[in-house]
Amino acid sequence: MTEKMLPLTDEDRSSLIDLANEARRHAYAPYSHYPVGAALRTKSGKVFTGVNVENAAYPTTMCAERTAVYKAVSEGEREFGAIAVVTDNGGSPCGSCRQVLAEFGQDTVVLIANGAGELLQETTVKDLLPGAFTPKHLVKR
Ligand code: THU
19 MTEKMLPLTD EDRSSLIDLA NEARRHAYAP YSHYPVGAAL RTKSGKVFTG
69 VNVENAAYPT TMCAERTAVY KAVSEGEREF GAIAVVTDNG GSPCGSCRQV
119 LAEFGQDTVV LIANGAGELL QETTVKDLLP GAFTPKHLVK R
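Going by the numbering used here, the first residue of the sequence shown is number 19, and it counts up by one from there.
Shown next as structure tokens:
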């Protein structure tokens, strides 16, 4: 997806939501039974999916959104256009995921959908985390 491809089309939205929903099949959520799927689209048009990966040591759990971001960054991608997040009931990204998304751009579009694939909210990282602490706050040395 290039800058020119924003705003998203309805086809873009449903495609990202479907990918996030399909990814949920791989969620590892034996403790919460709350599978989460994410699909993150880079500005270059690639899509990275992610799922939550829980752990018997509960705090070690990783969320779906951060899994997707870390997969993308580790493959050399840092510019994101949109992320779809799908849960059974349309849950919203947690604070840690908002912070990690904010690191790579305030304008990333966030699509929040439920397990039926219905888009419940379309927002941005900026709106989900106003006043975020970002790289610009750190003095370069
Ligand atoms: N979870 C996510 O994957 N993303 C969020 O933004 C919120 C929570 C996961 C973590 C845990 O595996 C389960 O949902 C219940 O908290």
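Virtual Cβ for every residue (Gly too), placed ideally from N, Cα, C. These numbers come from a predicted model, not from an experiment.
{"Check": "When the Cα atoms are used, what is the spatial distance from L37 to I101?", "Outcome": "11 Å"}
{"Check": "Under a Cβ-count criterion, where at least 16 other Cβ atoms within 10 Å of its own Cβ denotes burial, should A75 be classed as buried or exposed?", "Outcome": "exposed"}
{"Check": "Go through the stretch 52–113 residue by residue and report every complete run of the alpha helix (DSSP H) that reaches 4 residues or more, in order.", "Outcome": "82–92"}
{"Check": "Is it buried or exposed for G135, if we count other Cβ within 10 angstroms and need 16 for buried?", "Outcome": "exposed"}
{"Check": "So T67 and N73 are supposed to be a Cβ contact under 8 Å. How far apart are they, rounded?", "Outcome": "Contact flag wrong, Cβ pair sits at about 20 Å."}
{"Check": "Taking its Cβ as the centre, do 16 or more other Cβ atoms sit within 10 Å of P111, making it buried, or is it exposed?", "Outcome": "buried"}
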